[in-house]
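A.B. asks: Counting in this note's numbering, the sequence shown runs from 12 upward without gaps.
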Amino acid sequence: MSVTAAKGFQAAGIAAGIKENGNPDLALVVNTGPRRAAAGVFTSNRVKAAPVLWSEQVLKSGQLSAVVLNSGGANACTGPKGFQDTHATAEKVAEVLDIGAGEVAVASTGLIGLLLPMDKLLPGVETVAAQLSEHGGEKAAIAIKTTDSVHKTSVVTKGSWTVGGMAKGAGMLAPGLATMLVVLTTDADLESEALDRALRAATRTTFDRVDSDG
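1. From HIS98 to ILE155, what distance separates their C-alpha atoms?
2. The alpha helix (DSSP H) spanning ILE123 covers which residue range?
3. Give me, in chain order, the residues of the same chain whose beta-carbon lies closer than 7 Å to that of GLY121; leave out the 5 immediate sequence neighbours on both sides.
4. Taking the straight line between their C-alpha atoms, what separation do you get for LYS163 and GLU67?
5. Would you call the region 15 to 22 in contact with the region 39 to 48, where contact means no fewer than 3 C-beta pairs closer than 8 Å?
6. From ARG215 to ALA209, what distance separates their C-alpha atoms?
7. In angstroms with no decimal places, state the Cα-to-Cα distance between GLY237 and ILE123.
8. For ASP96, count the other beta carbons within 10 Å of its own beta carbon; 16 or more makes it buried, fewer makes it exposed. Which is it?
9. What is the DSSP secondary structure of ALA105, counted as helix, strand or coil?
10. Do SER76 and VAL115 have their beta-carbon atoms positioned less than 8 Å apart in this structure?
11. Among residues of its own chain, excluding the 5 on either side of VAL107, which ones have a beta-carbon nearer than 8 Å to its beta-carbon?
12. Quick one: Cα of PRO134 to Cα of ALA27, how far?
13. I'd like the ranges of any alpha helix (DSSP H) spanning at least 4 consecutive residues and lying wholly in the region 105 to 182.
14. On the criterion of 16 or more Cβ atoms from any shown chain inside 10 Å, does LYS30 qualify as buried, or is it exposed?
15. So, at 7 Å on beta carbons, what are the nonlocal neighbours of ASP36 in its own chain, with the 5 sequence-adjacent residues on each side left out?
16. In terms of residue numbering, what span does the beta strand (DSSP E) encompassing GLN21 cover?
17. Write down the C-beta distance between GLY73 and ALA48 rounded to the nearest angstrom, noting that I regard them as a contact closer than 8 Å.
18. In angstroms with no decimal places, state the Cα-to-Cα distance between CYS88 and SER119.
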């Protein structure tokens, strides 16, 4: 179930045509629960992709309704046009879900330096949103793969709350979270400040100890 294991979340993953090989390449995770509290950590690299810059700003509010993710292109080192495309992606998700663009985080992974095919990505947002489901977690996890040999998911349940997650990353994870994507969901009733503290404490003893540049 991945990111949809926690109550109040839906997800989907499709092949939007971003990847030339036709493999799944667009995922959407949406919070349908009563709270929108959110937190995030990002790469320490001096050069940050447009989606990273956008999502860092969005998460300063501590609120999030959706995350849209694509593989097949990182939208990194793409200049002002790349940021405009990130903004357009968030706006499209907001339009389809009837929310604000400031409630949408954007994540992209794949080759660096290439602009995304927006003529495929934006129509894909409509398609993936139409397929949102409480059972769509696995498809979402598959859609964010790049060189990963398998899709990566995890679910932990303790008492009345659950944490679900999906991740991509293979070969290179440097510096500090660069090139990897992880989405975690939980139905634990927490404020964004508590989520931020918990996330940073967890990454200090896990992801921050990984530096694979291969």
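All residues carry an ideal CB built from backbone N, CA and C; glycine is no exception.
Predicted, not measured: the structure shown is a model, and the values here were computed from it.
C.D. replies: The answer reads as follows:
1. 20 Å
2. No alpha helix (DSSP H) holds ILE123; DSSP gives it neither H nor E.
3. SER82, GLY83, GLY84, ALA85 and THR157
4. 24 Å
5. yes
6. 10 Å
7. The chain is shown from 12 up to 225; residue 237 falls before or after that span and cannot be answered.
8. buried
9. helix
10. yes
11. VAL136, GLU137 and ALA140
12. C-alpha of PRO134 to C-alpha of ALA27: approximately 8 Å in a straight line.
13. 129 to 141 and 148 to 154
14. buried
15. ALA26, ALA27, ILE29, LYS30, ASN81, SER82, GLY83 and ALA154
16. 20 to 25
17. Sure, about 6 Å apart at Cβ, within 8 Å.
18. Straight-line Cα distance between these residues: approximately 12 Å.
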